[in-house]
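Chemist: Below you will find the structure I want to go over with you.
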Amino acid sequence: MQRIGLIFGTDTGNTEEVAQKLQERIDWAIVETHDIASCSVEDIQQYPVLILGIPTWDFGGIQADWEDFWPILEDMSFQDKIIALYGLGDQFGYGNYFLDAMGLLHDAVRDRGATIIGHFSVEGFDFEESKALTEDGESFVGLALDEDQQFELSDERIDRWLKQIHAELDNLQVLSA
């Protein structure tokens with residue numbers, strides 16, 4: 102069974118709770134979680150497939166532990182890595198910066214060679230701007246969650262996204278590796 106590294110950063114616990122839900126619901130791979138606060142390059146590099154979770158803080162800010170790790174991240178290669186992202190944000194309180202941190206993380210790993218999977222439709226969200234949008238503006242670069250305003254939709258969104266990334270990984274023929 103394929104091993105997946107699920108790396109997250111959290112201050113309030115919401116991003117970690119989502120990590121636990123993802124780990125519990127993925128029955129087609131072995132998922133090992135790591136808090137970025139205590140992560141090493143080796144922890145990340147051991148996995149061919151990664152799920153990276155990051156909340157957006159205030160006015161588009163990166164969560165503190167991810168921010169501390171960022172200089173290390175910028176020196177890493179993600180060549181031959183398949184990465185799915187999930188982000189948490191508040192679309193009403195910070196609608197001009199919704200999920201910006203996920204967009205910044207996406208750009209950082211993509212620019213270092215990662216293959217990105219798991220785009221997620223903007224349908225059902227109400228925000229002004231986001232750095233986490235695909236070029237066409239119709240999708241986010243990863244799973245979008247708003248635990249502040251739409252927590253009741255999170256479980257369905259998680260389930261839908263997991264089916265999608267499972268199919269994408271299957272198409273890339275990495276699940277049998």
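According to the numbering used here, the sequence shown is numbered sequentially starting from 102. Built from N, CA and C at the ideal position, the CB exists for glycine as well.
One question on the structure: do G154 and T113 come within less than 9 Å of each other, judged by their Cβ atoms?
Modeler: In the sequence shown, counting from the first residue as 1, residue 154 sits at position 53. In the sequence shown, counting from the first residue as 1, residue 113 sits at position 12. No, the Cβ-Cβ distance between G154 and T113 is not below 9 Å.
Chemist: Starting from E133, trace the beta strand (DSSP E) in both directions and tell me its first and last residue.
Modeler: Residue numbering aside, residue 133 sits at position 32 when the sequence shown is read from its first letter. Element bounds for E133: I131 to D136.
Chemist: Checking 9 Å against the spacing of the C-beta atoms, do L246 and L205 come in under that value?
Modeler: In the sequence shown, counting from the first residue as 1, residue 246 sits at position 145. In the sequence shown, counting from the first residue as 1, residue 205 sits at position 104. Their beta carbons are not under 9 Å apart, which means L246 does not touch L205 by this criterion.
Chemist: Below 8 Å on the Cβ atoms is my contact criterion, and I expect I105 with I131 to pass it. Report the Cβ-Cβ distance as a whole number of Å.
Modeler: On the sequence shown, position 4 is the one that residue 105 refers to. On the sequence shown, position 30 is the one that residue 131 refers to. That pair is a contact at about 7 Å.
Chemist: Considering only their Cβ atoms, is the gap separating V242 from I183 smaller than 9 Å?
Modeler: Within the sequence shown, numbered from 1, the residue matching residue 183 stands at position 82. Within the sequence shown, numbered from 1, the residue matching residue 242 stands at position 141. Against a cut-off of 9 Å, the Cβ pair of V242 and I183 comes out as no contact.
Chemist: Please classify A120 as buried or exposed, where buried requires at least 16 neighbouring CB atoms within 10 angstroms.
Modeler: Here residue 120 refers to the residue found at position 19 when the sequence shown is read from its first residue. A120 should be labelled buried.
Chemist: With distances taken Cα to Cα, identify the nearest neighbour of I218 among L107, V150 and I108.
Modeler: Within the sequence shown, numbered from 1, the residue matching residue 218 stands at position 117. It is V150 whose Cα lies nearest to the Cα of I218.
Chemist: For the alpha helix (DSSP H) that P156 lies in, which residues bound it at each end?
Modeler: The residue given as residue 156 occupies position 55 in the sequence shown. Careful: P156 lies outside any alpha helix (DSSP H), inside the beta strand (DSSP E) at V150 to W158.
Chemist: What did DSSP end up calling I127 once you bin it into helix, strand or coil?
Modeler: Mapped onto the sequence shown, residue 127 falls at position 26. In the structure shown, I127 sits in coil (DSSP, three-state: anything other than H, G, I, E or B).
Chemist: Just the C-alpha distance for E168 and L254, rounded to the nearest angstrom, thanks.
Modeler: For this step, residue 168 is matched to residue 67 along the sequence shown. For this step, residue 254 is matched to residue 153 along the sequence shown. So the alpha carbons of these two residues sit roughly 28 Å apart.
Chemist: My assumption, with CB atoms under 8 Å, is that I127 sits in contact with L273. Please give the rounded CB distance.
Modeler: Here residue 127 refers to the residue found at position 26 when the sequence shown is read from its first residue. Here residue 273 refers to the residue found at position 172 when the sequence shown is read from its first residue. The Cβ separation is near 16 Å, so there is no contact.
Chemist: Can the beta-carbon of Q146 be found closer than 9 Å to that of L270?
Modeler: The count along the sequence shown starts at 1 and reaches residue 146 at position 45. The count along the sequence shown starts at 1 and reaches residue 270 at position 169. Their beta carbons are not under 9 Å apart, which means Q146 does not touch L270 by this criterion.
Chemist: Leaving out five residues before and five after Q192 in sequence, what residues of the same chain have Cβ atoms less than 7 Å from its Cβ?
Modeler: By one-based count along the sequence shown, residue 192 stands at place 91. Result list for Q192: F199, F226, D227, F228, D247 and Q250, in chain order.
Chemist: Across which residues does DSSP place A185 in a beta bridge pair?
Modeler: Within the sequence shown, numbered from 1, the residue matching residue 185 stands at position 84. According to DSSP, which records beta bridges pairwise, A185 is partnered with I152 and I218.
Chemist: Does the distance from the CB of F179 to the CB of G214 come in under 9 Å?
Modeler: In the sequence shown, the residue the question calls residue 179 occupies position 78. In the sequence shown, the residue the question calls residue 214 occupies position 113. Cβ atoms of F179 and G214: closer than 9 Å.
Chemist: Let me know the beta strand (DSSP E) ranges lying completely inside the region 166–213, each 3 residues or longer, listed in chain order.
Modeler: 183–189, all fully within the region 166–213.
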